[in-house]
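Peer 1: To start, I am sharing the structure in question, which I have written as structure tokens.
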Amino acid sequence: MAFSVAENDTDDDFAESHEINVTPFIDVMLVLLIIFMVAAPLSTVDLPIDLPTSTATPTKKPDKPTYVSIKPDLSLAIGETFVKRVDLVNALDAIPDMTKDKYIFVRADKAVPYGELMDVLEFLRKGGYSKVKLVALEGVPDTAAQQGASPAPNP
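Numbered by the numbering used here, the letters in the sequence shown go through residues 15 to 169 in order.
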């Protein structure tokens, strides 16, 4: 509650002012902004993987996706937790709320050989995880990749 002091008042009582004090509101909003700025980057997977690009129409992601990442050095991670290849299925089974009918999103670096990606997919299939989606960046593929995929001209 705020008061105003008037010079022509001879009374010792202060008159009430009915104006809204917005300073506490601004302080609360700034604190909430800082909290969201700090918390937002923590909700994403931060493993540095150079994903290939795709022009396919993106599909809607579930609320809590399970990511299996293959790094260029062929190490595996579930989310941000690194696991051994032989322990992949056991680690997925240990995740709370993980069922065999949920989709698993596989992220593989461009430098990962195709055979290694297929080995990981085979581990998942043998473990009963047959619903797998491959993750790529949205956009136009690299021009070098397009040129490499085009057939060679006949001489």
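Just so you know, even glycine gets a beta-carbon here, dropped at the ideal spot from N, CA and C.
It should be emphasised that the depicted structure is a prediction, and the values quoted were computed from it without experimental measurement.
(1) Considering only DSSP beta bridges, list what Glu152 is partnered with.
(2) Tell me where the alpha helix (DSSP H) around Ile49 begins and ends.
(3) Checking the sheet assignment: what are the DSSP bridge partners for Glu33?
(4) Given this structure, state the Cα-to-Cα distance separating Ile109 from Lys74, to the nearest angstrom.
(5) Do you know how far the Cα of Glu94 is from the Cα of Met11?
(6) To the nearest whole angstrom, what separates the beta carbons of Leu88 and Val97, a pair I think is in contact under 8 Å?
(7) Using a Cβ-Cβ cutoff of less than 7 Å, which residues in the same chain neighbour Arg99 once the five nearest sequence positions on both sides are dropped?
(8) Could you spell out where the alpha helix (DSSP H) holding Tyr128 opens and where it closes?
(9) Taking Val120 as part of the beta strand (DSSP E), name the residues at either end of that continuous run.
(10) Compute the Euclidean distance between the alpha carbons of Ile48 and Ile34, then round it to the nearest angstrom.
(11) Which residue or residues does DSSP assign as beta-bridge partners of Asp106?
(12) Excluding the 5 residues flanking Leu135 on each side, which residues of the same chain have their C-beta closer than 8 Å to its C-beta?
Peer 2: Straight from the coordinates:
(1) As a working note, residue 152 is residue 138 in the sequence shown. Per DSSP, Ser68.
(2) Position 35 of the sequence shown holds residue 49. That run of the alpha helix (DSSP H) goes 37–53.
(3) Within the sequence shown, residue 33 is the residue found at index 19, counting from 1. Answer is none; Glu33 lacks a bridge partner.
(4) Taking the first residue of the sequence shown as position 1, residue 109 is located at position 95. Taking the first residue of the sequence shown as position 1, residue 74 is located at position 60. About 22 Å.
(5) Nothing can be reported for residue 11: it is not among the residues displayed for the chain, which extend from 15 to 169.
(6) Locating residue 88 in the sequence shown gives position 74, counting from the first residue. Locating residue 97 in the sequence shown gives position 83, counting from the first residue. With a Cβ gap of about 13 Å, Leu88 and Val97 do not count as contacting.
(7) Position 85 of the sequence shown, counted from the first residue, corresponds to residue 99. Around Arg99: Leu90, Phe137.
(8) Numbered from its first residue, the sequence shown carries residue 128 at position 114. It spans 128–140 - the alpha helix (DSSP H) in which Tyr128 sits, taken as one unbroken run.
(9) Position 106 of the sequence shown, counting from 1, holds the residue named residue 120. Run containing Val120: 118–122, per the beta strand (DSSP E) assignment.
(10) Within the sequence shown, residue 48 is the residue found at index 34, counting from 1. Within the sequence shown, residue 34 is the residue found at index 20, counting from 1. Roughly 24 Å between the two C-alpha positions.
(11) Here residue 106 corresponds to residue number 92 of the sequence shown, with the count starting at 1. Residue identity check: residue 106 is Leu in the sequence provided, not Asp. Leu106 is not bridged to any residue.
(12) Sequence index remark: in the sequence shown, residue 135 carries index 121 (1-based). The residues Val120, Val146, in chain order, have a CB closer than 8 Å to that of Leu135 in the same chain once the five nearest residues on each side in sequence are set aside.
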